Each structure stands twice: as C-alpha cells, then as structure tokens.
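If you read the sequence shown in the UniProt record's numbering, its first letter stands for residue 1, the second for the next number, and so on.
Virtual Cβ for every residue (Gly too), placed ideally from N, Cα, C.
Quantities reported herein were computed from a predicted structural model and do not represent experimental measurements.
First comes the structure, then the notes that go with it.
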Amino acid sequence: MALSKYERRERLRMRIRKTVEGTESRPRLAVYRSNKEIYAQIIDDVNGKTITAASSRDKEIDASKVNKVEAAKMVGKLIAEKAVKAGVETIAFDRGGYLYHGRVKSLAEGAREGGLKF
C-alpha cells in the first residue's frame with residue numbers, strides 16, 4: 001500500500017534529521033511550509049533552544065502583498081538578519097522533508113543573500 005503524502009514527508013524528514021543536527025556553533029535552520037504560509041526557525045538542538053524565528057505571518061511581510069515565493073524569500077532575508085544579530089553566521093539547512101524547490105529554495109536563497117552560510 002502506498003504511503004500518504006504526510007507519511008512520505010515524515011519518513012523523509014526523519015531521514016534528514018538523522019544527519020542534520022544543530023549545535024551552538026552551527027545551528028539548524030528548520031523550515032515548515034503550509035499551504036498558505038512558510039515558517040523558519042534557527043534551533044540549537046544540543047541545548048534544545050530556538051535562537052530566532054520568522055514567518056510569512058510577520059507584519060512587515062504580511063503587509064507587503066506579494067506572492068508566496070517572494071514572501072518565502074523575504075522570510076529568508078528576515079531570518080538571516082535576526083540570526084546575524086544573534087551572532088549566528090553558519091547554519092545547517094533542514095528542509096523538513098520538502099523538496100528543495102519553489103518556496104523552500106526561495107527561502108534558502110533569501111537566507112544566503114541575508115548573510116548566512118550553509
């Protein structure tokens with residue numbers, strides 16, 4: 001029997017999480033993509049702390065009335081700006097089981113433009 005879309009993504013997500021771990025020096029940039037919004041967090045898995053987070057629901061992005069791909073790029077730039085303020089320069093990218101395509105790719109490119117290295 002075939003896996004549902006959710007089960008397939010969960011299986012991919014667990015496979016990615018086996019190898020991608022956030023440390024204090026190199027935290028993890030985790031991405032969650034819903035149908036309407038996109039969310040990003042920078043996480044230190046060793047201490048179990050979220051360093052910073054951003055989403056397309058933030059006021060400056062939500063008010064700018066752009067399409068979802070452009071909003072994802074803006075979220076990437078915003079998370080990079082917040083991370084640099086928090087002293088983070090290099091990260092491990094966790095795409096959360098989503099394909100590196102479309103909004104996820106746009107968020108990653110925005111984060112790179114904002115100054116993050118991964």
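Taking C-alpha atoms, which residue in the options lies nearest to residue i?
i: Glu-7; options: Ile-43, Ala-63, Gly-97, Ile-91; result: Gly-97
i: Tyr-114; options: Ile-38, Thr-52, Ile-79; result: One detail in the question is off: residue 114 reads as Gly in this sequence, not Tyr. The shortest Cα separation from Gly-114 among Ile-38, Thr-52, Ile-79 belongs to Ile-79.
i: Ile-61; options: Ile-43, Ile-38, Ile-51, Arg-15; result: Ile-38
i: Leu-107; options: Gln-41, Lys-85, Asn-47; result: Gln-41
i: Glu-81; options: Ser-64, Lys-117, Arg-15; result: Lys-117
i: Pro-27; options: Ala-83, Ser-4, His-101; result: Ala-83
i: Lys-5; options: Leu-99, Lys-49, Glu-109; result: Leu-99
i: Thr-23; options: His-101, Lys-49, Arg-9; result: Lys-49
i: Asn-47; options: Ser-25, Met-14, His-101, Arg-9; result: Ser-25
i: Ser-34; options: Asp-45, Arg-9, Glu-109, Lys-77; result: Arg-9
i: His-101; options: Val-31, Asp-44, Asp-45; result: Val-31
Do residue j and residue i have their beta-carbon atoms positioned less than 9 Å apart in this structure?
i: Val-66; j: Arg-103; result: no
i: Leu-12; j: Ala-111; result: no
List the whole-angstrom C-beta distance separating residue i from residue j, where the pair is believed to meet the contact cut-off of C-beta under 8 Å.
i: Ile-51; j: Ala-2; result: Contact doesn't hold; Cβ gap of about 38 Å is too wide.
*Any 3 or more C-beta pairs closer than 8 Å across the stretch 54-65 and the stretch 10-25*: no
*Do the stretch 58-75 and the stretch 85-94 make contact, defined as three or more Cβ pairs closer than 8 Å?*
no
*What are the uninterrupted segments assigned as alpha helix (DSSP H) that are 4 or more residues long and contained completely in the stretch 22-94, given in chain order?*
59-62, 68-85
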